[in-house]
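Numbering (this note's numbering), first residue to last: 63 to 188. For reference, the structure is listed below as structure tokens.
Shown next as structure tokens:
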């Protein structure tokens with residue numbers, strides 16, 4: 063299985079955070095490929111800049127490779143897919159992650175239950 067971690071899932075993985083469930087951990091470990099979107103790094107950069115996230119952005123980037131994950135750049139077709147998504151969620155970062163999951167296709171692993179309304183490719187686990 064190929065999965066895309068949303069931003070929270072990636073951060074929780076790196077922190078070995080208790081909010082990341084055993085089911086989510088098992089899915090990540092069992093996946094053939096785990097992707098981290100460049101949009102998640104962008105989101106983290108913004109949150110670091112406004113003081114909502116205490117993290118080292120260079121470390122977040124380095125941990126993609128260190129974790130054995132793959133970077134997923136935002137492509138034009140991903141951005142275009144956003145126009146086809148229903149207006150279920152207002153967060154632009156979550157919307158681009160859903161669009162990437164649909165285009166690739168990848169299973170999007172998230173803790174945000176609202177995203178489940180977009181597709182069966184969205185897996186809600188914390």
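Ideal placement from N, C-alpha and C gives every residue a C-beta, glycine not left out. Note that the structure is predicted; figures quoted are calculated from it, not measured.
With distances taken Cα to Cα, identify the nearest neighbour of residue i among the options.
i           : options            : result
residue 138 : 64, 81, 101        : 101
residue 176 : 151, 143, 134, 119 : 151
residue 90  : 72, 77, 142        : 72
residue 77  : 169, 143, 122, 186 : 122
residue 92  : 153, 180, 149, 169 : 169
Compute the distance between the beta-carbons of residue i and residue j, then report whether it is under 7 Å.
i           : j           : result
residue 96  : residue 126 : no
residue 173 : residue 70  : yes
residue 167 : residue 183 : yes
residue 267 : residue 81  : Because the chain in this structure spans residues 63 to 188, residue 267 falls outside the shown range and cannot be described.
Could you pull out every residue in the same chain whose Cβ sits closer than 8 Å to the Cβ of residue i, ignoring the five residues on either side in sequence?
i           : result
residue 140 : 158, 161, 162, 165
residue 94  : 63, 64
residue 119 : 103, 106, 107, 110
residue 132 : 95, 96, 97, 98, 126
residue 116 : 110
residue 130 : 96
Tell me, please, whether the CB atom of residue i is closer than 7 Å to any CB atom in chain D?
i           : result
residue 111 : As a matter of chain content, chain D is missing from the structure shown, which is built from one protein chain.
Excluding the 5 residues flanking residue i on each side, which residues of the same chain have their C-beta closer than 6 Å to its C-beta?
i          : result
residue 68 : 159, 172
Cutting at 7 Å between CB atoms, please list the residues of its own chain near residue i, excluding the five before and the five after it.
i           : result
residue 144 : 157, 158, 161
Thinking residue i and residue j are a contact (beta carbons under 8 Å), I'd like their distance in whole angstroms, please.
i           : j           : result
residue 147 : residue 180 : 6 Å
Beta strand (DSSP E) segments (min. 3 residues) lying fully within the segment 109–173 = 132–134, 169–172
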